[in-house]
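Visitor: Just so you know, the sequences run in chain order A, B and C.
In this text, residue positions in the first sequence follow the working numbering: the first is 10, and each later residue adds one.
In this text, residue positions in the second sequence follow the working numbering: the first is 128, and each later residue adds one.
In this text, residue positions in the third sequence follow the working numbering: the first is 3, and each later residue adds one.
C-beta atoms are modelled at their ideal positions from N, C-alpha and C, and glycine is treated no differently.
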Amino acid sequence: MSKSSPLAWRGPVFSWVAILFGVGAVTWIGAREPGGFQAAAAMAIAAAMLVTLAFGLVGVGRNPALLRLVAGTAFLFLALMFLLSFTDLMTRLR
Amino acid sequence: MTDAAAPFDRHSGPERAAAGSYLESQGGGLSEWLLTTDHKRIALLYAIMITVFFFIGGAAATLIRLELFSPHPHFLTDDGYNRAFTLHGIIMVWFFLVPLIPATFGNFLLPLMIGAPDVAFPKLNLSSWYLTLIGGVLVLSALLAGGVDTGWTFYPPYSTAFSNSNVALAVLGVIVAGFGTIATGVNFVATVHMLRAPGMTWFRMPLFVWTIYATSLVMILATPVLAVTLLLVAADRLFGLPIFDGFRGGDPLLFQHLFWFYSHPAVYIMILPAMGVVTEVITCFARRRVFGYTAMIYAVLSIALIGFVVWGHHMFVSGQSVFANLVFSFLSFIVAVPSAIKVFNWTATLYRGQITFEAPMLYALGFIGLFTIGGLTGLFLASVPIDVQVTGTYFVIAHFHYVMVGGAVSAYFAGLHFWWPKITGRLYSEAWARFAAILMFFGFNFTFFPQFILGYLGMPRRYHSYPPEFQTLNVMSSTGAVILAAAYLLPLLYLGWSCFYGREAPANPWKAKGLEWWTSSPPPKRNFLQTPVVDEEPYDYHEPETAPGPERRPIDAVRTPMRFAGGARDD
Amino acid sequence: MTEAVSFPDPLREPWRSLTRQRQAATLGMWFFLMSEMLFFGALFMAFSFSRVLSPEAFAEGARHTEIAYGAANTVVLVTSSLTITLAVRAADLLQRKLTGVFLAMTAGLGVLFLIIKGFEYRADLEQHLFPGANFALGHNAAQIFWAFYWAMTGIHAIHLAIGVALVLRLVWLVRRNRISPRSPQFEVASLYWHLVDAFWIVLFPVLYVAGRG
Chain A
10 MSKSSPLAWR GPVFSWVAIL FGVGAVTWIG AREPGGFQAA AAMAIAAAML VTLAFGLVGV
70 GRNPALLRLV AGTAFLFLAL MFLLSFTDLM TRLR
Chain B
128 MTDAAAPFDR HSGPERAAAG SYLESQGGGL SEWLLTTDHK RIALLYAIMI TVFFFIGGAA
188 ATLIRLELFS PHPHFLTDDG YNRAFTLHGI IMVWFFLVPL IPATFGNFLL PLMIGAPDVA
248 FPKLNLSSWY LTLIGGVLVL SALLAGGVDT GWTFYPPYST AFSNSNVALA VLGVIVAGFG
308 TIATGVNFVA TVHMLRAPGM TWFRMPLFVW TIYATSLVMI LATPVLAVTL LLVAADRLFG
368 LPIFDGFRGG DPLLFQHLFW FYSHPAVYIM ILPAMGVVTE VITCFARRRV FGYTAMIYAV
428 LSIALIGFVV WGHHMFVSGQ SVFANLVFSF LSFIVAVPSA IKVFNWTATL YRGQITFEAP
488 MLYALGFIGL FTIGGLTGLF LASVPIDVQV TGTYFVIAHF HYVMVGGAVS AYFAGLHFWW
548 PKITGRLYSE AWARFAAILM FFGFNFTFFP QFILGYLGMP RRYHSYPPEF QTLNVMSSTG
608 AVILAAAYLL PLLYLGWSCF YGREAPANPW KAKGLEWWTS SPPPKRNFLQ TPVVDEEPYD
668 YHEPETAPGP ERRPIDAVRT PMRFAGGARD D
Chain C
3 MTEAVSFPDP LREPWRSLTR QRQAATLGMW FFLMSEMLFF GALFMAFSFS RVLSPEAFAE
63 GARHTEIAYG AANTVVLVTS SLTITLAVRA ADLLQRKLTG VFLAMTAGLG VLFLIIKGFE
123 YRADLEQHLF PGANFALGHN AAQIFWAFYW AMTGIHAIHL AIGVALVLRL VWLVRRNRIS
183 PRSPQFEVAS LYWHLVDAFW IVLFPVLYVA GRG
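Now the structure itself:
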């Protein structure tokens, strides 16, 4: 960090543009006729936008492993919450 | 050198708060305490708050046990009884048991045990206290406005659509207190990661610190789920947002999944720190290194992790699928294993120890017995066929009171006596303390053991009328509660007395290991005059591969162990 | 070039080194973000659970969300994540004015989001899309979809409002030279802001797109 180096704006701006493309894609999918693969495609693009945000704007990549562990832990426990709740839901007798 | 025959020091008093200690007044009056950022003072603020809440929750318990003296309702209406047990649950769970050990001993001791001058975020620490306080005030407002009658579990659709009580106010209080808990968890985790003294590596930390760390992780991960779930209940009450409404296609079981996803790990928030306290006390009073230090750590972490995937055992008869019942039952059996490992390791720690029976040790030994009974009955409840018979009965009530009261509260009293000299700089009366410990053990068992039998015989919980053939056991339980109440009042008296007239405590009256004993009693404001450098293994009570010799017992230094001015001495 | 101004010392008790303090603040904020992920994640779980229970009613309810509002808001919020990232970088370079400008843009975009949301809420209410006796789509699980809509966007909006307040406070402190550019508060605020944006990035497709089919 020195006073004389310029602001490194390129990385964040490129990430921003990429995410905007994602927003456009999701909007386009939503404006079409509803279909089965709509949901899956929209969520896949959302995941890609999240990853871009995390690595391009938040800078998760340059953080120590501990911080990635923290983020991963949250996803792990959410996965357990989903998994076990849906185990109940999907195995109920109708 | 102190005179064994001297009675209490009549010239003791608050003005003798050791010069330079954290207790010493800086001239700021009350605001010095209410605006403090010193973790030790915040610990005391919490201790006072939870004591007040304990008495409120205890008052509710008194109403319950009084009512249950006779089989027919005699002074509470059905509705009034519902409000009594609801208040008892809400206050005792969130405003007593959850903060009980982490907010008091965790706050006071965590920085001391790792050689730090304070926690990572001192101002956030004070905010945690205020958040808990505000939450408590909101819940008490709900009480004063007439109470809540849903049970502490707030199940919809009753809580959302049918209850005519102050549900929204109560859940908002719990939500606010929950944010305080999360803040405390964040603070403690950051403290352990970033403020350990030189030489204090992860595997040299006392087990109490490890349990606080694991507890803090559970707080961070579980509490937000409670907050958002109760927020949805509040949104339903206040704005008519019908998420759990069966008539419109919602599922009340969704609430139960979300609620118990928090509430089961919550009980591990209550018990893990208690286990940490017990390890500190047992090692000191058996003069032993802990058996299986590393295994104890992995056991604590396993309990914290597996505790997140067992919540469905609260829902075996709710309409949850049979397959889910199987899965949760299996996982619930698994979670008992690391707890059992800890019990075995405490027992092995005692083996070939030089055991003495000061009050902290009495409470800790009581913990081992009572926690084991509670834990084993938990296994009965993990078994679906048994649970189907005893769920919703007094068997469950007895089970969780054995682990939470027989377990966590006993451990709290163990820690209270163990660290009392450190916190206050005074020695308490050992004779009274031992008497109270034994009285509590008997009172507790008189109160709660009959409840196992009542539950097995079929007495439902949350009912205030019951078949007359259950009266004998209920009277036994209510009588036990009177004894238990006396045993809880006694420490208030003799510990309070010691604050004014107790003998001054040396830095390490128990000759214990641990960084907190390296500094004065009470500690100075910044904890250590010089940053400690750690080069010792934890619990270094004797050479490895050997057992302690009899000459190392602190009791040998005490010439008149049962004298009124008692407590171990530093000659 | 930076002005020769003296800032309050950002070092706080009990820290002895600013580097450690900043690391601790970042670590602490990440653990708080972990709790927030569980907070919102539980809402998503509840939504998914309810959707599986009533797929047709949810689809019907979802068809009445207005994707134009959602898309506009997403663009606004993502742009604000860019501006706050640039603000943090400017602070690292000790560029006070630029930091203030980017922070103010961030807060402004946050307020714009809330304004657009306000218009959207008004439109929804005019169409009787609020659960209750006057609900437009009948007494069925479409009400539950909309209950989630109001609850999730409402909770998100509250989080965003808190973020706006935090950022505005930083703008004020920067303008008054009452905060050092080396303070950990910039990084901490930006982490919180990015999280609020991240929730919206997931919420937008879930509520406005994925539900329709």
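Under 7 Å Cβ to Cβ from C/Thr87, same chain only, skipping five residues before and after it: list those, please.
Guide: Ser192.
Visitor: Rounded to whole angstroms, what's the CA-CA distance from C/Ala143 to C/Ser50? Just pull it up for me.
Guide: So the alpha carbons of these two residues sit roughly 13 Å apart.
Visitor: Can you find a CB in chain B that lies within less than 8 Å of the CB of C/Phe188?
Guide: Not closer than 8 Å to any Cβ of chain B, the Cβ of C/Phe188 fails to qualify, so no.
Visitor: Keeping to the same chain, check which residues put their C-beta closer than 7 Å to that of C/Leu20; ignore five residues upstream and five downstream.
Guide: Cβ neighbours of C/Leu20 beyond the five flanking positions: Pro12, Leu13, Arg184.
Visitor: Can you tell me the Cα-Cα spacing of C/Ile160 and B/Ile398, whole angstroms?
Guide: Cα-Cα distance, rounded: 34 Å.
Visitor: Closest by CA to B/Asn209, which one among B/Ala188, B/Phe450, B/Trp644?
Guide: Cα-wise, what sits closest to B/Asn209 is B/Ala188.
Visitor: C/Asp11 CB to nearest chain A CB: under 8 Å?
Guide: It does not: the Cβ of C/Asp11 has no partner Cβ on chain A nearer than 8 Å.
Visitor: Roughly how many angstroms lie between the CA atoms of B/Met586 and B/Gly480, to the nearest whole one?
Guide: Using only the alpha carbons, I get a separation of about 44 Å.
Visitor: With respect to 7 Å, is the separation between the Cβ of B/Ala174 and the closest non-hydrogen atom of the ligand ZN below this value?
Guide: Looking at this structure, you won't find the ligand ZN or any other ligand, since it has none at all.
Visitor: Compute the Euclidean distance between the alpha carbons of C/Phe206 and B/Thr406, then round it to the nearest angstrom.
Guide: Near 50 Å, if we compare the C-alpha coordinates of B/Thr406 and C/Phe206.
Visitor: So B/Gly419 and B/Ala463 are supposed to be a Cβ contact under 8 Å. How far apart are they, rounded?
Guide: The pair is not a contact, with the Cβ atoms about 17 Å apart (cut-off 8 Å).
Visitor: Could you please give me the residues that DSSP links to B/Pro651 through a beta bridge?
Guide: DSSP, once it has assigned bridges, lists B/Ser148 as partnering B/Pro651.
Visitor: Looking at the C-beta of C/Ala89, does it have a partner C-beta in chain A at a distance below 8 Å?
Guide: No, no contact with chain A.
Visitor: Tell me which residue opens and which closes the alpha helix (DSSP H) that A/Trp25 is part of.
Guide: It spans 19 to 40 - the alpha helix (DSSP H) in which A/Trp25 sits, taken as one unbroken run.
Visitor: Which residue wins for smallest C-alpha separation from C/Ala70, given the options A/Asp97, A/Val22, A/Ile38, A/Ala17?
Guide: C/Ala70 has its Cα closest to that of A/Ile38, out of A/Asp97, A/Val22, A/Ile38, A/Ala17.
Visitor: Please state if the CB of B/Thr318 and the CB of B/Phe412 are separated by a distance shorter than 8 Å.
Guide: No, they are not a contact pair.
Visitor: I think C/Pro16 touches B/Leu251, with their Cβ atoms under 8 Å apart; what is that distance to the nearest whole Å?
Guide: Not really, about 13 Å apart at Cβ, beyond 8 Å.
Visitor: Can you grab the Cα-Cα spacing for the pair B/Ala541 / B/Glu663, in whole Å?
Guide: In a straight line, the C-alpha of B/Ala541 is about 25 Å away from that of B/Glu663.
Visitor: Just the C-alpha distance for A/Ser11 and A/Trp25, rounded to the nearest angstrom, thanks.
Guide: Because the pLDDT at A/Ser11 is just 45, under 50, the model does not fix this residue reliably, and the value given afterwards should be weighed accordingly. Spanning the two alpha carbons is a distance of roughly 25 Å.
Visitor: Among all the DSSP beta bridges, which residues are the ones paired with B/Thr520?
Guide: Partner(s): B/Pro587.
Visitor: Let me check one thing: in DSSP terms, what residues is B/Glu631 bridge-paired to?
Guide: According to DSSP, which records beta bridges pairwise, B/Glu631 is partnered with B/Arg553.
Visitor: Using a C-beta to C-beta distance shorter than 9 Å, which residues of chain A count as neighbours of C/Leu193?
Guide: The contacting residues are Val67.
Visitor: Any beta-carbon of chain C closer than 8 Å to the one on A/Phe91?
Guide: Chain C, which has a Cβ nearer than 8 Å to the Cβ of A/Phe91, makes this yes.
Visitor: If you compare alpha carbons, which of C/Leu105, C/Val80, C/Ser83, C/Ser82 is closest to C/Ala92?
Guide: The shortest C-alpha separation from C/Ala92 is found at C/Leu105.
Visitor: Taking the continuous alpha helix (DSSP H) assigned at B/Ala234, which residues delimit it?
Guide: Here residue 234 of chain B turns out to be Asn, not Ala, going by the sequence shown. B/Asn234 -> alpha helix (DSSP H) spans 234 to 241.
Visitor: Cβ of B/Ala639 less than 8 Å from any chain A Cβ?
Guide: No, because no Cβ of chain A sits closer than 8 Å to the Cβ of B/Ala639.
Visitor: Using only alpha-carbon positions, find the residue among A/Arg41, A/Thr96, A/Leu29, A/Gly20 that is nearest to C/Thr81.
Guide: That would be A/Leu29, whose Cα lies nearest to the Cα of C/Thr81.
Visitor: Classify B/Pro594 as buried or exposed, calling it buried when 16 or more other Cβ atoms lie within 10 Å of its own Cβ.
Guide: Exposed, by the Cβ-count rule.
Visitor: Does DSSP classify B/Trp387 as helix, strand or coil?
Guide: Three-state DSSP puts B/Trp387 in a helix.
Visitor: Can you tell me whether B/Asp667 is buried or exposed, with buried defined as 16 or more other CB within 10 angstroms of its CB?
Guide: So B/Asp667 counts as exposed.
Visitor: What are the residues in the segment 357 to 376 of chain B lying within 9 Å of chain E by C-beta distance?
Guide: Protein chains A, B and C are contained in the structure displayed, whereas chain E is not.
Visitor: Could you tell me whether any Cβ in chain B is nearer than 8 Å to the Cβ of C/Leu29?
Guide: Closer than 8 Å to some Cβ of chain B, the Cβ of C/Leu29 qualifies, so yes.
Visitor: Near C/Tyr210, which residues of its chain fall below 7 Å by C-beta distance, leaving aside the five closest residues on each side in sequence?
Guide: Within the same chain, C/Tyr210 has close Cβ partners Thr67, Ile69, Gly72.
Visitor: Taking only the alpha-carbon atoms, compute the straight-line gap between B/Pro379 and C/Leu197 and give it to the nearest angstrom.
Guide: Going from the Cα of B/Pro379 to the Cα of C/Leu197 covers about 30 Å.
Visitor: To the nearest angstrom, how far is the alpha carbon of C/Met3 from that of B/Gly155?
Guide: With a pLDDT of 45 at C/Met3, under the threshold of 50, the modelled position of that residue is not reliable, and the figure given next carries that caveat. Between C/Met3 and B/Gly155, the C-alpha separation is close to 44 Å.
Visitor: Between which residues of its own chain and B/Leu224 is the CB-CB distance below 7 Å, once the five residues before and five after are set aside?
Guide: Answer for B/Leu224: Met397, Met531, Ala535, listed in chain order.
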